[in-house]
Amino acid sequence: MKKRVTYYILNIVTIFIVTMFFSCNDSFKQVQKIGISENEPIGVDYNINVKYTDSGRVSANLISSKMLDYSNRDFPFHQFTDGVTLYVYDKQNKKSTVVAENAFVYANTDLIDMQDNVVITTHDNRVLKTDQLFYDQKKEWLYTNKPVSFKTDQDLINGNGFDSNADFSNAEVLEVTGIITLED
């Protein structure tokens, strides 16, 4: 009888240990997130000055006073909430300036999403105004589907959407809704 009780206890302990062993999982990422809400940034940085390079050449320079780091998310990004200035350089190192109230930089896609009162001033003084503008860092391409106002030397063009490369050599307002010819 004593052997039987020992046998049952041994089986129960074995079943308990096997159950515990198979219930374990890799929870390192969960442990890292303890105390951090997924809706909160993992960090806050101030006085940001980030330079993007391509083959040793600076292609863009992003400056902001405050950055929120959401790299703890499944689709990581950085948010600039207190205004942002983006300098975009073409292959001849001519600088165009983009100013916006907010911006999001997505690490996985190399995309910068600028929002709220976005103003671009090109190296040759053309001015684009819109509420949202995307900059694809890999393709060095600017675009939006939002309403735009684009001032050239001769015209003020209003429309919905805009496409351009970084040097604005092929800037185009999409779905033109009006053109005003400017006088000298």
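Using this note's numbering, count along the sequence shown one by one with no gaps and you end on 197. We put the CB at the ideal spot given by N, CA and C, even for glycine. Just so it is clear, the structure is predicted and the values come from calculations on it, not from any experiment.
| Asked | Found |
| --- | --- |
| Length-filtered (3 minimum) beta strand (DSSP E) runs lying within the segment 58 to 126 | 70 to 83, 90 to 93, 97 to 102, 108 to 113, 115 to 119 |
| Helix, strand or coil at K151 [DSSP, three-state] | coil |
| Chain-order list of residues whose beta-carbon lies under 7 Å from that of L195 (same chain, five-residue window excluded) | Q167, D168, L169 |
| Supposed contact pair Y119 and S72 - C-beta distance, whole angstroms, cut 8 Å | With a Cβ gap of about 17 Å, S72 and Y119 do not count as contacting. |
| Run of the beta strand (DSSP E) containing D168, from where it starts to where it stops | 168 to 178 |
| Neighbourhood of F90 by C-beta distance below 7 Å, restricted to the same chain and skipping five residues each side | Y83, F117, V118, Y119, A120 |
| Per-residue burial, I193 [other beta carbons within 10 Å of its own, 16 or more giving buried] | exposed |
| Within 8 Å, strictly: CB atoms of D176 and K107 | no |
| CB of N143 within 8 Å of CB of P160, strictly | The residue you asked about is not Asn; residue 143 is Thr in the sequence shown. Yes, the pair counts as a contact, with Cβ atoms nearer than the cut-off. |
| Contact belief for L81 with P54 at Cβ below 8 Å, rounded distance in angstroms | 4 Å |
| A184 Cβ short of 7 Å to the ligand NAP heavy atom set | Of the ligands one can find in the structure shown there are none, so the ligand NAP has no counterpart to examine. |
| Residues bridged to F163 (per DSSP) | L141, I170 |
| One or two residues paired with E188 in a DSSP bridge | The partner list for E188 (beta bridge, DSSP) is empty, contrary to what the question assumes. |
| Exposed unless 16 or more other CB atoms sit within 10 angstroms - verdict on S77 | buried |
| Beta-carbon proximity check, G172 vs E153, cutoff 8 Å | no |
| Contacting residues, own chain, Cβ-Cβ under 6 Å from V140 (five flanking each side not counted) | T134, K164 |
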